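Presented below is the structure to which this report refers.
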Amino acid sequence: MKNYIQNGHVITMPAAAGGIASGDGLIVGSLFGVALHSAAEGEALEVATEGVYRLPKASTAVLSVGTRVAWDNTAKNINLPGAGRFPVGIAIEAAGNGLTSVAVRLDGVGTVAA
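For the sequence shown, the UniProt record's numbering gives the first residue as 1, with consecutive numbering after it.
Structural data, given as structure tokens:
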């Protein structure tokens, strides 16, 4: 097909102000992804928008397998959906109170909650 560009599981964009470290979550407009490598500000950055990634979690959040999760861009971690949090996917493992990371299946879509 002559108008096909890519599958969209990984996209390339310039790194935002301050740069980013490999494995960090980031929001660009209405898109959430995980940085596949470190990049300084303005450098080309590959960002995964789908797949399963271990991400930092709010230690007080209690998640079950299959729970919808959201990214808190202020705290830079996964939490339950709520005001100001960006839906990013589904927890694929249970992660209770006190745990600080969780495996998440990114779904490649999201909108910041009001």
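Don't be surprised by glycine CBs; every beta carbon is placed ideally from N, CA and C.
On a predicted model such as this, the values are computed, not experimentally measured, just so you know.
Note the first and the last residue of the continuous beta strand (DSSP E) segment covering residue i.
i, result
"Asn-79", "77-79"
"Thr-12", "10-14"
"Glu-46", "44-48"
"Gly-108", "Note, Gly-108: premise wrong, no beta strand (DSSP E); not H, not E."
"Arg-85", "Neither: Arg-85 is in no beta strand (DSSP E) and is coded neither H nor E."
"Ala-35", "31-35"
"residue 115", "Absent from the model: residue 115. The displayed extent of the chain is 1 to 114, so no value can be given."
"Gly-25", "25-28"
Can you tell which of the options has the C-alpha that lies nearest to the C-alpha of residue i?
i, options, result
"Ser-64", "Gly-89, Ala-94, Asp-72 and Gly-82", "Ala-94"
"Tyr-53", "Gly-18, Gly-25, Gly-96 and Gly-84", "Gly-25"
"residue 127", "Gly-84, Pro-56, Gly-51 and Ile-92", "Nothing in the structure corresponds to residue 127, since the chain is present only between 1 and 114."
"Ile-78", "Val-104, Arg-85, Arg-68 and Lys-57", "Lys-57"
"Asp-107", "Arg-68, Ser-101 and Gly-89", "Gly-89"
Going by the DSSP bridge assignment, what does residue i pair with across the sheet?
i, result
"Lys-57", "Ile-78"
"Val-65", "According to DSSP, which records beta bridges pairwise, Val-65 is partnered with nothing at all."
"Ala-91", "Val-104"
"Ile-20", "Ala-39"
Cutting at 6 Å between CB atoms, please list the residues of its own chain near residue i, excluding the five before and the five after it.
i, result
"Ala-48", "Val-10, Gly-33, Val-34 and Leu-36"
"Val-62", "Gly-96 and Asn-97"
Given residue i, which residues of its chain have a CB within under 7 Å of its CB, disregarding the five upstream and five downstream residues?
i, result
"Gly-98", "Ser-59"
"Ile-20", "Leu-26, Ala-35, Ser-38, Ala-39 and Leu-45"
Can you list, in chain order, the residues of its chain whose CB lies under 8 Å from that of residue i, leaving out five sequence neighbours each side?
i, result
"Val-28", "Met-13, Ala-16 and Val-47"
"residue 116", "It is not possible to answer for residue 116, since the shown part of the chain is limited to 1 through 114."
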